[in-house]
Amino acid sequence: MATAKRMSTSSRAIPWRAVGSVGVGLFGLGLAVGSYGTYVTLLIASGVEPDAAGFGMSLFLLGQLLAVVPADRLTRTVRVERVAALGLAGAGVGIAIGGVVTLETTYLSRLLLGLGQGTAFVAGMKYVGLRTSGSDTATAQGMLGALFTLGLAVGLAASPPTVDVFGETAPAITAAAVTFAGCALTVRLSAVTGNAVTALRSYVEPFTSASGLALGLGNMATFGFLMVAATWYTEVLADVAVPAVAVLVGFALATVLGRGLGGWLSRDYGERATVSGSLLGLAVVLAGLAVAIRAGSPIGISAGLVATGFGFGIPFGPLFSLAFSELTDDSGVTLSGMLLVGNAGALAYPWLVGWLLAATAGYAAGFAAMGLSVGAIWALWVRSIGH
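Residue numbers (the numbering used here): 700 to 1086.
Laid out in structure tokens, this is it:
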């Protein structure tokens, strides 16, 4: 067995094999997350209440929240690639269980997926970070994030027709197979160990200030609310007279393109202004989507759904870039803390949208609540960090 060693952070080329190996696994996780909206529709059609169906995504976010700090601490004593592979393996088991569509298996599936994804994401991002330096680190980690987002986009758009043609187990089996393939590739990567163990309080201390809290809640508005979208958009379109798959493809493309657009805008306008403007825009779009749903406007609903893809995608990269530069020198602490705050803040929303659907017989109230929440985060951002 090879002896684990700390990789030098001196200048080196991007480890494309590592990016590809971990990226395959994260793409599989994205497929599983993106397909959940289709399973929500199946659960509701079988008689499950909307809030109970949506709660599965809340369990996914809870799983990530519970996993990120233990995962980061494990990478400080165990080879990082093995921690990433362990996360992918656990997530793959959870995804496969979700192919049996009952409420009980769905809950277990989403919780295991969240635990596995939180572990794999932290360890995978740390792995490429420890093997790169400078701009190469941002590029390698950005590629991993993009591959997860691409998987989510493909899962969201492709799962409804896949279920129609191949049955309800097909999206889960496909996502699990891709995730296990990523696990097998990742465990064979060169050995890397992380940095020294740090105190538990260090994970929350950077977020006790207004600016740190704004950064963490910004992750809630981007990644967290993207999970809410993945939960409910398929169901939102079920009774709207529009080509649902085309709208979902448009949303998926907007989310992926938004990641790249965020980097371009940051170079021209700065990271603070890019995050501030995109958060304000997302709040306005979510409010407009609520109005369109209330009015029953197919064009307004379609345009609103697609536009939120840009709102979720654009601020993500600049947000984490600011966090890594301003919060702490320990990237594992920063990454874990951002996920902790973001997931904790978003935890209730997948269930809340379903509960408001049952209470009001429509989705307008749920998306209005999301819009108000993003508006409050934007106000905190402007006050503590600026435009």
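Every residue gets a Cβ at the ideal spot worked out from N, C-alpha and C, and that includes glycine.
When DSSP labels each residue in this structure, what does S889 get in the three-state scheme? coil
Using C-beta distances below 7 Å, list every residue in its chain close to L787, excluding the 5 sequence neighbours before and after it, in chain order. Closer than 7 Å at the Cβ level, and outside the excluded window around L787, lie G724, G815, A819, T878, G881, C882 and T885.
Out of E867, R781 and L849, which one is the CA nearest neighbour of V739? E867
Within 10 angstroms of its Cβ, does R716 collect 16 or more other Cβ (buried), or is it exposed? With fewer than 16 Cβ atoms within 10 Å of its Cβ, R716 is classed as exposed.
Is DSSP giving Y968 helix, strand or coil here? helix
Please report the Cβ distance between R971 and G1085, rounded to the nearest whole angstrom; I am assuming they are in contact, meaning their Cβ atoms lie under 8 Å. Contact flag correct, Cβ pair sits at about 6 Å.
Between the Cα of A951 and those of Y932, G789 and V862, spot the shortest distance and give me the residue it belongs to. Y932
Can you check which of these residues, A752, T737, L1039 and P749, is closest to L851 by C-alpha distance? T737
Could you pull out every residue in the same chain whose Cβ sits closer than 7 Å to the Cβ of G1074, ignoring the five residues on either side in sequence? Cβ neighbours of G1074 beyond the five flanking positions: A982.
Starting from A1047, follow the alpha helix (DSSP H) in both directions and report where the run begins and ends. Where A1047 is concerned, there is no enclosing alpha helix (DSSP H), given that its DSSP letter is neither H nor E.
Closest to A731 by CA distance: which of L849, T907 and A1047 is it? Distances from the CA of A731 to each of L849, T907 and A1047 were compared; the closest alpha carbon is that of L849.
DSSP on A1060, reduced to helix/strand/coil? coil
Would you mind working out which of S1001, A869, S757 and V862 sits nearest Y806, comparing C-alpha positions? S757
Beta carbon of G1053 nearer than 9 Å to that of E803: no
Using 10 angstroms around the beta-carbon of W963, count the other beta-carbons present and answer buried if the total reaches 16, otherwise exposed. exposed
By DSSP, does T801 sit in helix, in strand, or in coil? coil
Quick check: what's the CA-CA separation for A790 versus V821? 14 Å
Presumed contact (8 Å Cβ cut-off) between L1039 and L914, rounded CB distance: Not confirmed; about 12 Å, so no contact.
Let me know the secondary structure DSSP gives I872 once reduced to three states. helix
Which residue's Cα is closest to the Cα of V927: T861, A989, A869 and L1051? Comparing Cα positions, the closest option is L1051.
Output the boundary residues of the alpha helix (DSSP H) element that contains V862. S834 to F865
Could you check what DSSP says for I794 in three-state terms: helix, strand or coil? helix
Measure the C-alpha to C-alpha separation of A1060 and A856 and round it to an integer number of angstroms. Roughly 25 Å separates the two Cα atoms.
Classification of S710 by the beta-carbon crowding that lies within 10 angstroms, buried from 16 upward: Its pLDDT being 42, under 50, S710 is placed unreliably by the model, and the measurement read from it follows with that caveat. So S710 counts as exposed.
Buried versus exposed call for I1076 [16 or more other C-beta atoms within 10 Å across all chains shown]: buried
Span of the alpha helix (DSSP H) around M926: F924 to V935
Among residues of its own chain, excluding the 5 on either side of L810, which ones have a beta-carbon nearer than 8 Å to its beta-carbon? L758, F759, L761, G762 and G793
Just the Cα atoms here: how many angstroms apart are E984 and S977? Per the sequence shown, residue 984 should be read as Val rather than Glu. The alpha-carbon atoms of V984 and S977 are separated by roughly 10 Å.
Who are the Cβ neighbours of A989 in its own chain at under 7 Å, not counting the five residues just before and after it? A1063, F1066, A1067 and G1070
Would you call the region 1000 to 1012 and the region 928 to 948 in contact, with 3 or more CB pairs under 8 Å? yes
Near A845, which residues of its chain fall below 6 Å by C-beta distance, leaving aside the five closest residues on each side in sequence? R958
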